[in-house]
Amino acid sequence: AACEPARFSVLITRRVPPKAVRILSTSPLCEVQQWDSDDPMPHAELLSRVPGLHALFCLLSDRIDEEVLDAAGPNLKVIGTLSVGYDHIAVEECKKRNIRLGYTPDVLTDATAELTVALLLATTRRLFEAAMEVKSGGWSTWKPLWMCGQGLPNSTVGIVGLGRIGCAVAERLKPFGVERFLYCGRQPKPEKADRLGAHFVPLPTLLAESDFVVLCCSLTPETREMFAEDAFRKMKNSAIFINTSRGAMVDQDALYSALQEGQIAAAGLDVTTPEPLPTDHPLLSLKNCVVLPHIGSATVATRTSMSILTAENILAGLQDQPMPAEVVL
Ligand code: NDP
Ligand code: DGY
């Protein structure tokens, strides 16, 4: 690596809560430049701004691949991503180059779990479909058989990936009268599961027995397109599929067919491929599919905490100190 400069050069790739910018720009250690826009920095612009950089404050919509790391060169010491997911970053390449990676676990767990529950309730009780009927004049009278959903009492909820968010979702769903929680993952998590009364089962069992399948795991090569035709075929016809993790875990063509053919009852998605989902995408033509624009962590307090944590991760990394939240590479 190059020798230590008088000031570290830091790039923030988007307009972010101002507190985070202040933390970095008022530090005597940092020389900060920012792409001060709500729109993403074009990839070519990113490539042109990274050479010589010491720290990169990035977002999940920035693709930090080998090309970006090569362009940045040997000065780059630390990347801080404003997210808990880091599938947009070439982590093996970071490891090879001794680049440290900070992320934002925990501070967004409550907000994301809350949104997951909101999406699940909105989907099972058909809230968006019903609200649309009010606007379009489809509400003729109170009808006993109209707009009925399933609801949560006495249901079985299957959580795929009982991590921080998966646990927080189960905790929030419990008071709604869920009868049974199932979960799957790489290995059982007895401590967390006992507290929730959740049972570890293989994925095919979870798919076959759950009324709600909630995808809460991280995107890795193993989980990419984990939900394809075969998975939807194993689910109940009355099942609801919820995804607030990453769109790439789902084969969207297979999901569309499963929803259209009644293989499953409904889906609620906060994440898609690509993002944004084109407005003419077939999934958006379905009444039984609710799509939100990746707003899991979108509360003012959460986004502020995430950006402060990202700035603190970067400051710690630049000074070779332990980061408040570092990905072990
Ligand atoms: P955690 O690391 O706490 O949880 C991820 C879980 O995924 C772990 O339990 C992990 O199990 C599990 N997992 C990994 N591989 C597999 C697999 N092959 N099969 C089943 N489970 C697997 O992360 P968080 O709960 O904090 O966040 C989870 C994800 O949610 C993030 O990676 C991000 O993509 C997404 N997210 C989306 C948001 C939104 O705005 N919609 C907001 C925040 C997060 P193990 O412990 O065994 O590795
Ligand atoms: C994350 O943190 O990974 C989310 O997708 C956005 O908060």
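For the sequence shown, position 91 (counting from the first letter as 1) is numbered 100 according to our numbering, and the numbering increases by one without interruption.
Every residue gets a Cβ at the ideal spot worked out from N, C-alpha and C, and that includes glycine.
| Item | Value |
| --- | --- |
| Tell me the DSSP bridge mates of R204? | According to DSSP, which records beta bridges pairwise, R204 is partnered with nothing at all. |
| Along the chain, where does the alpha helix (DSSP H) that runs through N322 open and close? | V309 to L327 |
| CB of C225 to nearest heavy atom of the ligand NDP: below 7 Å? | yes |
| Do A275 and F241 have their C-beta atoms within less than 8 Å of each other? | no |
| Which value, in whole angstroms, describes the spacing of the CA atoms of I323 and S164? | 44 Å |
| Can you tell me whether Q261 is buried or exposed? The criterion is at least 16 other CB atoms within 10 Å of its CB, across all chains shown. | buried |
| Could you check the C-alpha separation between L182 and K243 for me, to the nearest Å? | 23 Å |
| So is the beta-carbon of T150 under 7 Å away from any non-hydrogen atom of the ligand DGY? | no |
| Sort R134, R24, W155 and F17 by Cα distance to P60 and report the nearest one. | F17 |
| Please identify the residue among E40, R135 and R24 whose C-alpha is closest to the C-alpha of I249. | R135 |
| Taking buried to mean at least 16 other C-beta atoms within 10 Å of its own C-beta, is R24 buried or exposed? | exposed |
| Thinking C-beta only, is S254 closer than 8 Å to A120? | no |
| Along the chain, where does the beta strand (DSSP E) containing A64 start, and where does it finish? | A64 to C67 |
| Cutting at 7 Å between CB atoms, please list the residues of its own chain near R312, excluding the five before and the five after it. | P26 and S306 |
| Check whether the Cβ of G175 sits closer than 7 Å to any heavy atom of the ligand NDP, and report yes or no. | yes |
| Let me make sure I understand the geometry here. Which of L293, C67, H97 and E75 has the alpha-carbon closest to that of I88? | C67 |
| Please classify W155 as buried or exposed, where buried requires at least 16 neighbouring CB atoms within 10 angstroms. | exposed |
| Looking at P114 and the ligand NDP, is the gap between the Cβ and the nearest heavy atom below 7 Å? | yes |
| Under 7 Å Cβ to Cβ from E13, same chain only, skipping five residues before and after it: list those, please. | none |
| Output the boundary residues of the alpha helix (DSSP H) element that contains A177. | R173 to L182 |
| Short of 8 Å in beta carbon distance, which residues of its chain neighbour A177, apart from the five on each side in sequence? Order them along the chain. | T118, D119, T121 and A122 |
| Y192 bridges to which residues according to DSSP? | I168 and F209 |
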